[in-house]
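Novice: Have a look at the structure that comes next, please.
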Amino acid sequence: MLSTAGYAEPRPGMAHQFGAHVQHPFSLYTFNRGTVLAIAGEDFSIVASDMRLSEGYAIHSQDSPKCSKLTDQTVIGCSGFHGDCLTLTKIIEMFHCLMDKALESRNSWLCSRLQLGNLTLPMSSCVLFVKGFANVKY
Numbered sequence: 005m006l007s008t009a010g011y012a013e014p015r016p017g018m019a020h021q022f023g024a025h026v027q028h029p030f031s032l033y034t035f036n037r038g039t040v041l042a043i044a045g046e047d048f049s050i051v052a053s054d055m056r057l058s059e060g061y062a063i064h065s066q067d068s069p070k071c072s073k074l075t076d077q078t079v080i081g082c083s084g085f086h087g088d089c090l091t092l093t094k095i096i097e098m099f100h101c102l103m104d105k106a107l108e109s110r111n112s113w114l115c116s117r118l119q120l121g122n123l124t125l126p127m128s129s130c131v132l133f134v135k136g137f138a139n140v141k142y
């Protein structure tokens with residue numbers, strides 16, 4: 005005679021105990037959250053951000069700034085996927101360096117190619133302040 009004393013009905017989340025396959029969703033991007041605030045006036049601009057890098061309820065770092073100084077008059081603040089924010093900042097720095105070299109050498113082809121470049125980052129939002137004028141890009 006078979007006994008059912010040790011048998012329990014499967015509950016949600018317990019499929020792995022009974023040999024069923026459990027799917028774990030994979031996403032290349034994660035939303036690292038964050039806040040960037042920017043205010044501009046006639047002769048000033050202020051860009052502020054939080055310093056926390058988190059994912060869900062896990063805090064990865066308390067010292068991860070979301071604002072970067074690009075030039076004496078340009079500051080960028082990014083929130084969203086941290087990898088996209090770092091990449092965007094480095095690409096803009098590289099673009100600025102190349103544009104300076106192109107202007108110094110008066111290379112019009114390089115200037116036009118740099119101006120036609122297009123960058124798409126899917127999950128990051130970016131606030132860019134240049135000389136107190138706000139351009140918001142999503």
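Here our numbering is used: the first residue of the sequence shown is 5, the next is one more, and so on. Every residue, glycine too, gets a C-beta built ideally from N, C-alpha and C.
Is LYS73 helix, strand or coil when you go by DSSP?
Specialist: Counted from its first residue, the sequence shown places residue 73 at position 69. Of the three classes helix, strand and coil, the one that applies to LYS73 here is strand, per DSSP.
Novice: Provide the residue(s) that pair with GLU59 in DSSP beta bridges, ordered along the chain.
Specialist: Within the sequence shown, the letter at position 55 stands for residue 59. Paired residues: ALA62.
Novice: The beta strand (DSSP E) that contains GLY81, what's its start and end?
Specialist: To locate residue 81, count along the sequence shown from 1; it is residue 77. Start and end: 78-83.
Novice: CB-CB under 8 angstroms to SER68, same chain, minus the five flanking residues each way: which ones, in chain order?
Specialist: Position 64 of the sequence shown, counted from the first residue, corresponds to residue 68. MET55, ARG56, LEU57, HIS86, listed in sequence order.
Novice: Pull up the DSSP beta-bridge partners for SER53, would you.
Specialist: Taking the first residue of the sequence shown as position 1, residue 53 is located at position 49. Answer by DSSP bridge pairing, in chain order: VAL40.
Novice: With the cut-off set at 9 angstroms, would you say LYS70 and SER49 are in Cβ contact?
Specialist: Locating residue 70 in the sequence shown gives position 66, where the first residue counts as 1. Locating residue 49 in the sequence shown gives position 45, where the first residue counts as 1. No; because the gap between Cβ atoms is not below 9 angstroms, this pair is not in contact.
Novice: Grouping DSSP H, G and I as helix and E and B as strand, with all else coil, what is GLY2?
Specialist: Any question about residue 2 goes unanswered here, given that the chain covers just 5 to 142.
Novice: Would DSSP call HIS100 helix, strand or coil?
Specialist: Numbered from its first residue, the sequence shown carries residue 100 at position 96. Reduced to three states, the DSSP call for HIS100 is helix.
Novice: For THR78, tell me which candidate among LEU102, ALA42, GLY60 has the shortest Cα-Cα distance.
Specialist: Translated into the one-based positions of the sequence shown, residue 78 becomes position 74. THR78 has its Cα closest to that of ALA42, out of LEU102, ALA42, GLY60.
Novice: Just the C-alpha distance for LYS73 and PRO29, rounded to the nearest angstrom, thanks.
Specialist: Taking the sequence shown and counting its residues from 1, one reaches residue 73 at position 69. Taking the sequence shown and counting its residues from 1, one reaches residue 29 at position 25. Rounded to the nearest angstrom, the two C-alpha atoms are 37 angstroms apart.
Novice: Decide if CYS89 is buried, meaning its Cβ has at least 16 other Cβ atoms within 10 Å, or exposed.
Specialist: The residue given as residue 89 occupies position 85 in the sequence shown. CYS89 comes out buried.
Novice: Please identify the residue among ALA62, CYS101, HIS100, SER83 whose C-alpha is closest to the C-alpha of GLY38.
Specialist: The residue you call residue 38 lines up with position 34 of the sequence shown. It is SER83.
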